[in-house]
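So the structure is just underneath, and the comments pick up after that.
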Amino acid sequence: MADFSPLRDIPILIGAFFVLTAAVGMVRFPDLYSRLHASSKLVTLGSAGIFLGAALELTDAAAFTRLAAVLLFQFLTTPLTAYLIAQAAYLRGLPPLLGSGGQRGVDEWGALGQAEQVAQADPDAQRSLAAEGQ
Amino acid sequence: MSGLTLNLLLAVVWMLLAGEVSTRELVIGFLLGFGILALFPRALGSGGYVRRTLAGLGFVGFFLRELTVANVQVALFALRPHPPLNPMLVAVPLRLRRDSAQTLLVALVNLSPGTVVMGFSADRRTMYAHAIGNASPRAARDSILRVEDRLLRVFSPGPAPQNPSPEASP
Numbered sequence: 001m002a003d004f005s006p007l008r009d010i011p012i013l014i015g016a017f018f019v020l021t022a023a024v025g026m027v028r029f030p031d032l033y034s035r036l037h038a039s040s041k042l043v044t045l046g047s048a049g050i051f052l053g054a055a056l057e058l059t060d061a062a063a064f065t066r067l068a069a070v071l072l073f074q075f076l077t078t079p080l081t082a083y084l085i086a087q088a089a090y091l092r093g094l095p096p097l098l099g100s101g102g103q104r105g106v107d108e109w110g111a112l113g114q115a116e117q118v119a120q121a122d123p124d125a126q127r128s129l130a131a132e133g134q
Numbered sequence: 001m002s003g004l005t006l007n008l009l010l011a012v013v014w015m016l017l018a019g020e021v022s023t024r025e026l027v028i029g030f031l032l033g034f035g036i037l038a039l040f041p042r043a044l045g046s047g048g049y050v051r052r053t054l055a056g057l058g059f060v061g062f063f064l065r066e067l068t069v070a071n072v073q074v075a076l077f078a079l080r081p082h083p084p085l086n087p088m089l090v091a092v093p094l095r096l097r098r099d100s101a102q103t104l105l106v107a108l109v110n111l112s113p114g115t116v117v118m119g120f121s122a123d124r125r126t127m128y129a130h131a132i133g134n135a136s137p138r139a140a141r142d143s144i145l146r147v148e149d150r151l152l153r154v155f156s157p158g159p160a161p162q163n164p165s166p167e168a169s170p
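Residue numbers (the UniProt record's numbering), protein chains in the order written: chain W, 1 to 134; chain E, 1 to 170.
Given below as structure tokens:
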């Protein structure tokens, strides 16, 4: 295992690099919403690289189809979870940092104060907001 | 999906004619069958199926490119000393109506450069997204509308995509 095989190791190294930058981004980005960019995009492609390398290493059809299925679900669940986390944080009233360098940022949602709008679209969120109000 | 059924049927017929039940013959039959469906769309009524399949393949290529750009961009932001994040919230008017299509759009937008979906308006006609690394809200909105355009091309049943370009929408 000490030998370097480019076909197997390069995808794994690229994947590991993106997962590492995801961790760096999680620490360095200023707020939850920016961090979600790092966790959703970088982790998806990073794990894709690692899975691809693993599939090329194992070279058997069953491992290949299984890893393909894992990848498919990874591509669906990771970004949708990021969306759910962003929406949950917003509904709970966490204000996003907007604009850089002190200027006021663009906010077309009219951030906070309009959380009820979203809650109306989503009965579950409405229930949880009502429960919090009690 | 009658086009897909026809294509599978052609693949099975090919496998029977080849006299060998195997995945390899089935795949060859499927590809040949797709060629036949593409050559005679009028006679076989497969125009929509061929167009949607090609749009789907084009979409996969487009998506892989977007995903790569998105990752390199965020990775650079994570590593640069002073990343120009310029975070903003943008509102995007949607043309996709079906729930399943909107769910897919959320997943794809979260994987494309600079945008993460945060929520929908009550009537689900407007999507709100958190954007980083964009100079203007217009640029952020256009990048989301480009993804939606591609999805519309795959989902629309008509002979040609009947949707305005990102520049035409407000």
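No residue lacks a Cβ here, since even glycine has one placed at the ideal position from N, Cα and C.
Using a Cβ cut-off of 8 angstroms (strictly closer), state whether residue 96 (chain W) contacts chain E.
yes
Across the region 39 to 56 of chain W and the region 122 to 137 of chain E, are there enough close Cβ pairs to call them in contact, namely three or more that are closer than 8 angstroms?
no
Determine, for residue 56 (chain W), whether the minimum Cβ-Cβ distance to residues of chain E falls below 8 angstroms.
no
Interface partners of residue 106 (chain E) on chain W, CB under 8 angstroms
79, 80 and 83
Hey, does residue 86 (chain W) have any beta-carbon neighbour from chain E nearer than 8 angstroms?
yes
Within a Cβ cutoff of 6 angstroms, which residues of the same chain sit near residue 108 (chain E), ignoring the five residues on either side of it in sequence?
147
Check whether residue 79 (chain W) and residue 34 (chain W) have beta carbons under 8 angstroms apart:
no
By Cβ distance, which residues of its chain are closer than 7 angstroms to residue 141 (chain E), with the 5 residues on each side in sequence left out?
90 and 92
Could you give the distance in angstroms between the alpha-carbon of residue 99 (chain E) and the alpha-carbon of residue 115 (chain E)?
20 angstroms
Note the first and the last residue of the continuous alpha helix (DSSP H) segment covering residue 122 (chain E).
That residue, residue 122 (chain E), is in no alpha helix (DSSP H); it is neither H nor E in DSSP.
Going by CA-CA distance only, name the one from E:105, E:117 and E:85 that's closest to residue 133 (chain E).
E:85
Would you call the region 72 to 85 of chain E and the region 13 to 27 of chain W in contact, with 3 or more CB pairs under 8 angstroms?
yes
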